[in-house]
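Counting with full-length UniProt numbering, you get residues 1 to 400 for the letters of the sequence shown.
Single-structure report; data block below.
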Amino acid sequence: MKKLATHLINIALILAFLFGAYYVYQLSNKKKPEDLYRLQPVTMGDIEQNVTANGTINPVTLVNVGTQVSGRVKKIYADYNDQVKKGQILLELEDELFKAQIAQSLGNVKNNEASLELAKANEARMRNLLQQEYVSKQELDQAIQALKSAEAQLSTTKAQLKRDQTNYGYSIIKSPVAGVVVDRVVDVGQTVAASLQTPTLFKIAQDLSKMQIDTSYAEADIGRIRVGQTAKFNVDAFPNQNFEGMVKQIRLNPTNTANVVTYDVVISVDNPDQLLLPGMTAYVNINFAKHDNVLLVPNAALRYRPKNEEMKLAMKKDKKPDDNKAKTNNDGLGSGKVYVLRNNKPEMIRVKTSITNGKFTEIVSSDIKPNEFVITADMSTDQKPGGSNAQGPSRPPRVF
């Protein structure tokens with residue numbers, strides 16, 4: 001009997017040990033809330049909302065220098081990046097043909113001048129003979145007509161000479177403005193032909209210290225842009241440097257591409273250090289709303305939805321039907337919902353939203369407090385907290 005009691009006690013001790021070990025195992029393997037969800041705090045801060053677009057940096061004035069006459073390039077006096085003055089010689093065409101045409105026209109002028117002198121003398125002689133009645137009135141009229149014809153012929157040949165001299169002047173290409181040569185499209189020995197379309201020989205930027213960004217915005221965004229607004233932008237050449245410009249012009253002529261209507265916007269930019277070069281791509285942000293010291297939640301929190309069974313528990317206190325679609329009220333505010341971790345369980349909170357910068361959204365009405373944690377993703381998913389910027393191109397880093 002005593003042995004049986006001892007045996008039962010041993011069994012009870014073993015069972016107690018196993019139960020205790022199982023309890024400790026369950027406690028050690030029980031996941032904490034932070035192990036189940038990705039959490040981010042609700043913060044107070046400043047937020048700006050921008051409209052974004054890509055554009056191209058161009059000189060304010062870019063002059064295409066062409067030629068008005070045809071010929072073969074003889075000499076080139078300017079090259080890429082050269083500073084040139086107004087009236088400076090850029091290029092010369094071979095001028096032998098032009099000189100020959102001038103010589104021919106000059107000979108014609110001299111010949112017609114001699115013919116004119118002869119016609120004048122003949123007309124004077126006929127007048128004298130008519131007074132002496134040695135010739136008829138008809139012969140005098142013919143002499144007068146010959147004089148007028150000689151005068152007209154001389155005027156024609158003088159005009160031809162002037163045209164040939166002008167063409168000779170056109171064989172020397174001069175810069176129409178002071179600036180920088182940004183492109184040269186001819187070489188020595190190349191033949192250029194001045195036909196219906198004037199060929200471009202050089203491109204000269206008048207002043208690279210003043211540039212402009214040519215960009216376009218969709219019709220949904222154009223109403224938020226005003227002349228005089230500040231525009232911030234980045235370029236790939238200097239990804240960590242922020243630049244500023246000002247909206248100079250909103251062009252009224254629309255562009256319709258595949259039923260998408262856009263409007264051209266010109267942004268003026270000061271470029272004193274000439275870091276910005278023609279043709280660079282600019283990633284532009286124009287700010288149209290800024291709120292200071294407001295309640296901010298990550299956009300990922302507004303997109304997060306828990307699993308079905310967790311959603312039922314989270315919505316238990318909320319009598320409104322669930323709707324994943326964002327709504328906009330008559331006052332311009334949006335509506336949405338976030339999930340906060342209360343009593344180690346997700347609880348749905350309906351919120352009114354204001355402006356967003358693509359990463360964070362302003363909350364204007366809810367019972368969420370600063371420093372309270374909102375759920376942005378389940379730890380079991382690959383969703384990263386914070387989400388991605390839904391506005392504009394992903395590269396380079398946006399300016400907000």
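We put the CB at the ideal spot given by N, CA and C, even for glycine.
Integer Cβ distance of residue i from residue j, believed to fall under 8 Å
i, j, result
"Thr376", "Ala300", "4 Å"
"Asn344", "Pro41", "Not really, about 17 Å apart at Cβ, beyond 8 Å."
"Leu278", "Ile57", "What sits at residue 278 in the sequence shown is Pro, not Leu. Right, their Cβ atoms sit about 6 Å apart."
"Thr356", "Ile363", "11 Å between Cβ atoms; not a contact."
"Ile267", "Gln206", "18 Å between Cβ atoms; not a contact."
"Ser70", "Ala220", "No, Ser70 and Ala220 are not in contact; Cβ-Cβ is about 51 Å, not under 8 Å."
"Lys174", "Leu90", "6 Å"
"Asn50", "Thr281", "Actually they are not in contact, since the Cβ atoms of Asn50 and Thr281 sit about 17 Å apart, beyond 8 Å."
"Leu302", "Val340", "So it is not a contact: roughly 13 Å between Cβ atoms."
"Ser209", "Gln274", "7 Å"
"Thr157", "Val109", "5 Å"
"Ala119", "Ala150", "4 Å"
Boundaries of the alpha helix (DSSP H) in which residue i is found, first to last residue
i, result
"Met126", "96-131"
"Glu139", "137-170"
"Asn299", "299-303"
DSSP-derived helix/strand/coil call for residue i
i, result
"Asp214", "strand"
"Thr61", "coil"
"Thr6", "helix"
"Gln204", "The question names Gln, but residue 204 is Ile in the sequence shown. Correct three-state label for Ile204: strand."
"Ile173", "strand"
"Ile89", "strand"
"Ile47", "strand"
"Lys325", "In this prediction, Lys325 scores a pLDDT of 48, lower than 50, which makes its location untrustworthy; the coordinate-derived value is nonetheless stated afterwards. Lys325 falls in the coil class under three-state DSSP."
"Lys384", "Because the pLDDT at Lys384 is just 45, under 50, the model does not fix this residue reliably, and the point stays unresolved."
"Ile14", "helix"
"Thr52", "strand"
"Asn194", "The residue you asked about is not Asn; residue 194 is Ala in the sequence shown. In this structure, Ala194 counts as coil in the three-state DSSP scheme."
"Lys307", "coil"
"Val188", "coil"
Own chain partners of residue i with C-beta closer than 8 Å, once the 5 adjacent residues on each side are dropped
i, result
"Val135", "Met126, Leu129"
"Tyr80", "Val181, Val182, Asp183, Arg184"
"Lys99", "Tyr168"
"Val84", "Ala78, Leu90, Ser175, Ala178, Gly179, Val180, Val181, Ile204"
"Val188", "Val73, Lys74, Lys75, Ile76"
"Lys248", "Gln212, Val227, Val266, Ile267, Ser268"
"Pro306", "Ala314, Tyr339, Pro346, Ile375, Asp378"
"Glu113", "Leu154"
"Ala66", "According to the sequence provided, residue 66 is Gly. The question's Ala does not apply to it. Excluding residues within five positions, the ones whose Cβ falls inside 8 Å are Ala194, Thr198, Pro199, Thr200, Leu201."
CB contact check: residue i to chain C, cutoff 8 Å
i, result
"Val65", "Checking the listed chains, one finds no chain C in this structure; it contains a single protein chain."
Spatial neighbours of residue i in its chain, beta-carbon cut-off 6 Å, leaving aside the 5 residues before and after
i, result
"Val265", "Thr215, Tyr217, Ile250"
"Ile11", "none"
"Phe288", "Arg224"
"Gln68", "Tyr170, Ala194"
"Val294", "Glu362"
"Asp164", "Gln101, Ile102, Ser105"
"Thr61", "Gln206"
"Gln229", "Val247, Ile286"
"Ile222", "Tyr263"
"Ser366", "Ile349, Val351"
Delimiting residues of the beta strand (DSSP E) encompassing residue i
i, result
"Tyr339", "334-342"
"Ser354", "345-356"
"Tyr37", "37-41"
"Ala377", "373-378"
"Asp82", "Taken as a continuous stretch (DSSP letters only), Asp82 belongs to no beta strand (DSSP E), as it is neither H nor E."
"Ala365", "As written in the sequence, residue 365 is Ser, which differs from the Ala given in the question. Ser365 -> beta strand (DSSP E) spans 360-365."
"Gly179", "179-184"
Neighbourhood of residue i by C-beta, 7 Å cutoff - its chain only, sequence neighbours within 5 removed
i, result
"Thr6", "none"
"residue 444", "What is shown of the chain runs 1 to 400, which leaves residue 444 out entirely."
"Asn64", "Thr200, Lys203"
"Ala143", "Asn122, Glu123, Met126"
"Ile14", "none"
"Ile172", "Ile89, Glu92"
"Phe238", "Leu275"
- Task: Counting only runs of 3+ residues fully inside the UniProt domain "CusB-like beta-barrel" (214-287), write out the beta strand (DSSP E) ranges in chain order.
- Result: 230-235, 238-257, 260-270
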